[in-house]
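Student: Sequential numbering of the sequence shown, starting at 1, is according to UniProt numbering. Ideal Cβ placement from N, Cα and C applies to all residues, glycine included. This one's a predicted model, so the numbers in the text were calculated from it and none came from an experiment.
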Amino acid sequence: MTITWNDNVPIYRQLRARVVAMILDGALAEGDALPSVRQVAADYQINPLTVSKAYQELVDEDLVEKRRGLGMFVTEGARKALLGSERDRFLREEWPAIHARMQRLGLTLEQLMKAADDNKENAS
Numbered sequence: 001m002t003i004t005w006n007d008n009v010p011i012y013r014q015l016r017a018r019v020v021a022m023i024l025d026g027a028l029a030e031g032d033a034l035p036s037v038r039q040v041a042a043d044y045q046i047n048p049l050t051v052s053k054a055y056q057e058l059v060d061e062d063l064v065e066k067r068r069g070l071g072m073f074v075t076e077g078a079r080k081a082l083l084g085s086e087r088d089r090f091l092r093e094e095w096p097a098i099h100a101r102m103q104r105l106g107l108t109l110e111q112l113m114k115a116a117d118d119n120k121e122n123a124s
């Protein structure tokens, strides 16, 4: 298993984002176990403390729960909570730059929607 880490973002934050994406994409459903700290550390050749820090952030956000002797599990309602918080974060942090670039390029929402539809058709 290989992964390319971004040197500008701490690895634990990137790992947290990867787990969040897996929950949002449905690869990890509510009640599913997360891979063990040791397994993730071995697979990605990173320090187990880095994995623990990423997992602890998810616990602190009530997205994951620790079950003594069993591991970490996605909590009920995690996906719904993430959808709300990630949408808010997108609109607050990412959308302004995207919108500004659209304006600079003279792109309309209709053009973007058509391009998205065309991409869907080409991917099929």
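Whole angstroms are fine: how far does the CA of E93 sit from the CA of S36?
Tutor: 32 Å
Student: When the Cα of G77 is compared with those of P48, V9, P10, G26, which residue comes out closest?
Tutor: G26
Student: Straight-line CA distance for Y12 to L109?
Tutor: 35 Å
Student: Relative to the alpha-carbon of K80, which residue among V59, V20, L107 has its alpha-carbon at the smallest distance?
Tutor: V20
Student: Pull the bridge partners of G71 from the DSSP assignment, please.
Tutor: R67
Student: Give me the DSSP bridge partner(s) of A33.
Tutor: F73
Student: What does a CB cutoff of less than 7 Å around N6 pick up in its chain, not counting 5 residues either side in sequence?
Tutor: Q14
Student: Compare the Cα-Cα distances from D32 to each of T75, L82, P96 and report the closest residue.
Tutor: Nearest of T75, L82, P96 to D32, Cα basis: T75.
Student: Quick check: what's the CA-CA separation for L63 versus A97?
Tutor: 28 Å
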